[in-house]
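Residue numbers (full-length UniProt numbering): 1 to 150. Cβ atoms here follow ideal geometry from the backbone N, Cα and C, with glycine treated the same way. Computed from a predicted model, the values in this text were never measured in an experiment. Here is the structure we will look at.
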């Protein structure tokens, strides 16, 4: 009988302890919901440049496979209007490099060009690298991976 009494006390204590843990968990969840994180949101230009990279990676693979790229992606023209991460970076230098890049990129698709396709492609990639050397140098190692090695 004494053992039964102690067993009942232990069981009641366990149930009470479990009930308190649930309240603690709920209050912890509430405090977690109150935390607000400042999530990175890429600019229009960052999104566009990632798309350009992916497209040029496909072009590189096509060239290496002996395929001729079909047509210039018109979305690349958004380079002249896409919002930059830092608005003050849209300066005269950026505008000049973006025009050079578009010309070089369009030349990849010029079927009448006497310049080898690999060289035309590398010219477009080097235009990207040259621009990034003036500002926003972070992507340069990634961009260099696009170059077709002879």
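Around the beta-carbon of residue 125, 16 or more other beta-carbon atoms lie within 10 Å, marking it buried. In terms of CA proximity to residue 145, 56 leads the group 84, 56, 73. Look at residue 53 here: in three-state DSSP terms it is helix. Within the region 107 to 142, the alpha helix (DSSP H) runs of at least 4 residues that lie entirely inside it are, in chain order, 117 to 134. By the neighbour-count criterion, in which a residue is buried when 16 or more other Cβ atoms sit within 10 angstroms of its Cβ, residue 142 is exposed.
Taking every protein chain shown into account, the CB of residue 86 has fewer than 16 other CB atoms within 10 angstroms, so this residue is exposed. By the Cβ test, the region 88 to 100 is not in contact with the region 56 to 73, since fewer than three Cβ pairs between them sit closer than 8 Å.
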